[in-house]
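Chains as they are written, first to last, in my numbering: chain V, 1 to 631; chain R, 632 to 710.
The beta-carbon is built from N, C-alpha and C at its ideal position, and this holds for glycine as well.
These numbers were taken from a predicted model, which means no experiment stands behind them.
For reference, the structure is listed below as structure tokens.
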């Protein structure tokens with residue numbers, strides 16, 4: 001009896017364990033001590049395993065001939081080949097190079113590892129192109145400021161541990177290309193040609209949605225999408241691939257149901273699932289196979305696999321399978337924004353929607369409903385999907401982007417059908433037409449597709465967007481903290497360009513200070529976007545009373561340009577050499593905005609006047625508060 | 632450049648914000664109570680000696696100085 005009882009108890013524990021391991025959430029309150037211990041041990045084991053794998057992925061043991069063993073900050077010549085499509089921005093090109101050899105003092109030596117190369121604008125070389133680069137290796141470093149994204153971890157997740165900035169595109173030599181371009185590269189070029197004739201905003205959105213190229217998306221567009229909670233439309237995600245898979249599935253399923261003899265011979269649901277996987281894989285490849293797109297691809301394919309296995313309702317298993325595959329591939333993905341948003345949104349939908357909408361409808365129930373009831377129910381469901389997705393992702397969005405659109409779910413309710421359900425599939429058909437060399441037909445699809453795309457964008461940018469954002473602002477007026485304060489504040493940021501700081505006067509005036517390091521001749525390529533824009537966004541500021549560029553040159557000109565583009569500036573004072581390059585763009589932008597840049601050496605500066613230092617006449621900022629001085 | 636400041640030496644500074652490679656002689660002359668050093672270059676040992684001013688390096692995290700009636704207080708952001 002005892003033995004039997006023990007066996008029975010063991011079976012119970014086994015069943016409980018299986019429930020735990022299969023994803024079921026045990027009722028902690030009902031677990032006895034032994035089962036609780038098992039559950040906690042399993043949890044701790046996987047948590048520790050995750051921590052270990054995380055550190056291993058972040059700081060791996062490099063082989064002896066890895067790029068990481070080469071000296072940093074020393075000019076060197078490397079050769080390698082492009083292994084991934086380059087990213088093209090308005091001011092830069094990012095090349096992904098698999099290093100093969102470096103020119104050591106003893107001659108060419110083999111080297112391995114991935115290298116991210118930032119170069120001035122140039123025609124992006126094809127995948128497989130051999131390149132020779134001259135520059136200095138750098139270790140990716142995250143600026144230690146609030147609001148700064150952990151870029152080294154993001155690059156480590158992609159297997160990149162070294163980067164190189166080229167100030168001159170002549171430091172990059174394209175040696176040769178391996179044969180003819182791939183079919184996908186040819187198709188990408190064809191799609192770009194197709195989009196050439198479209199309006200700039202339409203072209204920018206189609207480029208982002210079809211090819212994953214956001215290079216033409218302007219800052220103004222980003223701001224409009226961000227404020228209305230629709231930024232996800234521009235980045236190819238699970239929503240895009242899911243929409244494509246869903247529409248393909250429904251069309252194929254509907255077509256197959258027209259043939260009764262086929263219904264008797266094959267499982268059309270499984271056949272439709274296989275058919276839906278084809279455009280998903282092709283779309284992900286066409287979009288350049290970026291890590292975010294690959295993650296979305298794995299998620300969608302995991303679900304289609306369950307449909308193929310006859311278990312379409314085990315969506316939690318699909319989500320778990322996708323997470324397992326992705327995190328096994330790279331544990332660092334757990335910290336990726338797109339990974340977190342995708343999984344939290346899907347998990348939220350899976351958890352909440354069945355509790356609100358029991359899946360009891362059958363065809364017969366649908367037929368008994370009037371069309372108004374049917375459409376009303378579909379509308380409420382769509383509203384709930386949008387609301388739940390927005391609600392569960394809001395904490396993450398607030399944490400990463402500092403902006404949460406209160407009415408984003410309503411804008412999405414309109415924008416998603418227009419953009420993802422109409423414009424995207426029509427764009428996909430245009431790509432298919434181009435792939436089949438039916439360019440005139442592809443143009444027709446694009447012509448039709450740009451109608452819902454423009455409608456969606458205009459709704460986001462003007463009607464719905466402005467009205468809702470205005471309503472949100474009106475409703476939040478009572479919550480807006482006052483700017484007045486009895487204390488002053490100075491923040492000095494970690495920066496690569498020199499001095500970057502922010503001064504908040506006791507009256508609430510906000511003054512941004514910057515003074516760049518010197519620029520040597522031949523190194524005028526300029527710095528990146530700098531530390532200030534991210535920090536000021538993190539502070540949730542939109543208006544700056546004054547910007548004091550105590551020393552303006554090529555290093556901080558792009559940073560100041562970003563400030564002028566992204567913030568409302570009350571006044572801009574500067575000192576430095578004669579404007580050139582980005583400084584001219586900055587002065588033009590400020591002049592167009594009615595706030596021309598004023599020279600600190602010839603006009604009266606704002607607030608506490610900057611002071612000249614001795615004989616050098618170089619301006620600096622000197623502040624007083626309560627008898628205390630800060631130069 | 633900082634050696635030519637027009638401020639009186641006998642009137643010590645509350646805070647001095649300077650590049651990391653600021654000469655120790657400048658710090659000794661201006662006598663700041665708090666020293667904020669920016670940039671990636673490490674300061675000289677004499678600049679940050681224990682008996683010297685309270686020193687913050689921005690490369691270790693953004694530094695915020697708050698000025699109130701009670702005095703100036705510094706804090707450093709840590710990731």
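Item	Value
Whether residue 511 of chain V touches residue 548 of chain V by CB criterion (8 Å)	yes
Environment of residue 139 of chain V [buried if 16+ CB atoms lie within 10 Å]	exposed
Segment contact, 8 Å Cβ cut-off, at least three pairs: the region 73-93 of chain V with the region 101-115 of chain V	yes
For residue 669 of chain R: DSSP bridge partner residues	R:650
Contact set between residue 692 of chain R and chain V, taken where Cβ atoms lie within less than 7 Å	144, 494
Closest residue to residue 452 of chain V among V:148, V:423, V:283 (Cα-Cα distance)	V:423
Bridge partners - residue 499 of chain V, DSSP secondary structure assignment	V:515
Contact set for residue 493 of chain V: own chain, Cβ-Cβ below 8 Å, skip 5 residues either direction	143, 145, 500, 501, 502, 531, 532, 535
Short CB-CB distance (under 8 Å) between residue 488 of chain V and chain R	yes
Under the three-state DSSP convention, the category residue 79 of chain V falls into	strand
Inter-residue spacing [alpha-carbon to alpha-carbon] between residue 338 of chain V and residue 237 of chain V	8 Å
Proximity below 8 Å, CB of residue 85 of chain V to CB of residue 132 of chain V	no
Length of the line joining the Cα atoms of residue 272 of chain V and residue 327 of chain V	29 Å
Coarse secondary structure for residue 493 of chain V, derived from DSSP in three states	coil
Given residue 702 of chain R as reference, the closest of V:489, V:315, V:203 once Cα atoms are compared	V:489
Per-residue contacts from residue 715 of chain R into chain V (C-beta, under 9 Å)	Missing from the structure shown is residue 715 of chain R; chain R here goes from 632 to 710 and no further.
Burial state of residue 545 of chain V, where buried means 16 or more other Cβ atoms lie within 10 Å	buried
CB contact below 8 Å: residue 441 of chain V versus chain R	no
Pair within 8 Å by beta-carbon distance, residue 175 of chain V and residue 130 of chain V	yes
Cutoff 8 Å: residue 477 of chain V Cβ touching any chain R Cβ	Because residue 477 of chain V sits at a pLDDT of 47, beneath the cut-off of 50, its placement in the model cannot be relied upon, and the following sentence gives the value as read from the coordinates. Output row for residue 477 of chain V: interface = no.
Local conformation of residue 163 of chain V per DSSP, three classes	strand
Cutoff 8 Å: residue 699 of chain R Cβ touching any chain V Cβ	yes
Interface flag, residue 610 of chain V vs chain R, CB-CB below 8 Å	With a pLDDT of 47 at residue 610 of chain V, under the threshold of 50, the modelled position of that residue is not reliable, and the figure given next carries that caveat. No, because no Cβ of chain R sits closer than 8 Å to the Cβ of residue 610 of chain V.
The region 311-338 of chain V: positions lying closer than 8 Å to chain R by Cβ	none
Interface flag, residue 234 of chain V vs chain R, CB-CB below 8 Å	no
At least 3 beta-carbon pairs within less than 8 Å: the region 153-171 of chain V vs the region 186-201 of chain V	no
Contact with chain V by residue 686 of chain R, beta-carbon distance below 8 Å	no
Proximal chain V residues relative to residue 710 of chain R, where beta-carbon distance stays under 7 Å	144
Range covered by the beta strand (DSSP E) that runs through residue 169 of chain V	Neither: residue 169 of chain V is in no beta strand (DSSP E) and is coded neither H nor E.
Selection of the region 46-68 of chain V by Cβ proximity to chain R, strictly under 7 Å	none
When V:412, V:392, V:588 are compared against residue 678 of chain V, the one with the closest alpha-carbon	Residue coverage of chain V in this structure runs from 1 to 631, which leaves residue 678 of chain V outside it and unanswerable.
Cβ separation of residue 589 of chain V and residue 550 of chain V, assumed to be a contact under 8 Å, to the nearest whole Å	Contact doesn't hold; Cβ gap of about 20 Å is too wide.
Alpha-carbon to alpha-carbon, residue 259 of chain V and residue 342 of chain V	37 Å
Coil, strand or helix - residue 480 of chain V by DSSP	Any reading at residue 480 of chain V needs caution, since the residue's pLDDT is 45, under 50, leaving its predicted position unreliable; the model's value is listed next. Three-state result, residue 480 of chain V: coil.
DSSP-derived helix/strand/coil call for residue 551 of chain V	strand
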